[in-house]
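S.K.: I am attaching a structure below and will ask some questions about it afterwards.
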Amino acid sequence: MDDNPFASKVICGDCGGEYDRKVWNSNDERFRQRVWRCNKRYVEKGKKGCDNTHINDEVLYQIFINVFNPILENKDYFTQKWREKLSSENLLEKYKAKQFIEIITKAKPTTQFEANLFFAFVEKMTVFKEEQVIVRLLDGTEIECEIDK
1 MDDNPFASKV ICGDCGGEYD RKVWNSNDER FRQRVWRCNK RYVEKGKKGC DNTHINDEVL
61 YQIFINVFNP ILENKDYFTQ KWREKLSSEN LLEKYKAKQF IEIITKAKPT TQFEANLFFA
121 FVEKMTVFKE EQVIVRLLDG TEIECEIDK
């Protein structure tokens, strides 16, 4: 698994800033947490900026799994959607559609985060205060997820 697969991919739904990874309780492995927090939270020392929520690595991994598996369950719908884009004049759109179809026809449901699938499918993940994340796929499809805490 990539050490930092969410870099530049997790966006704040409040202010639009990028989320950066922070390590809390880094001196004691038993309590160590890797969390993502809006980089505009403390723009100026001593002054709190954006107050959007932080999110754990493991939650982001699970959100991707919760998005990817339903795509496989609805393989026919997504395959048809992407087949329509194969005749597009936009070469990038056509390439992505072909790539998505190839991946989805070979893929199996997953219980573990797979960085290669994440990079192949996800443009960004936008985190909102309401314990909600919107995952935007590289084809523009947006899928709403709730954060399980």
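In this text, residue positions in the sequence shown follow the UniProt record's numbering: the first is 1, and each later residue adds one.
Cβ coordinates follow ideal geometry from the N, Cα and C atoms, glycine included.
With a CB to CB cut of under 8 Å and the five nearest residues on each side skipped, what residues in its chain are close to K85?
M.R.: E93, K94, K96, A97, D139
S.K.: Between the region 66–79 and the region 39–58, can you find at least three pairs of beta-carbon atoms closer than 8 Å?
M.R.: no
S.K.: Starting from K81, follow the alpha helix (DSSP H) in both directions and report where the run begins and ends.
M.R.: 75–85
S.K.: Which residues does DSSP pair with R37 in a beta bridge?
M.R.: D20
S.K.: With distances taken from CA atoms, which of E102, N52, F6 is nearest residue 151?
M.R.: What the structure shows of the chain is the stretch from 1 to 149, and residue 151 is not part of that stretch, so it cannot be assessed.
S.K.: At which residues does the beta strand (DSSP E) containing E123 begin and terminate?
M.R.: 122–128
S.K.: Compute the Euclidean distance between the alpha carbons of N27 and F64, then round it to the nearest angstrom.
M.R.: 29 Å
S.K.: In this structure, how does DSSP classify L137 when only helix, strand and coil are distinguished?
M.R.: Of the three classes helix, strand and coil, the one that applies to L137 here is strand, per DSSP.
S.K.: Can you name, in chain order, every residue of its own chain whose Cβ lies under 6 Å from the Cβ of residue 152, other than the five neighbours on each side?
M.R.: With the chain covering 1 to 149 only, the question about residue 152 has no answer from this structure.
S.K.: Starting from the C-beta of F100, find all residues in its chain whose C-beta is less than 6 Å away, skip the five residues before and the five after it, and write them out in chain order.
M.R.: W82
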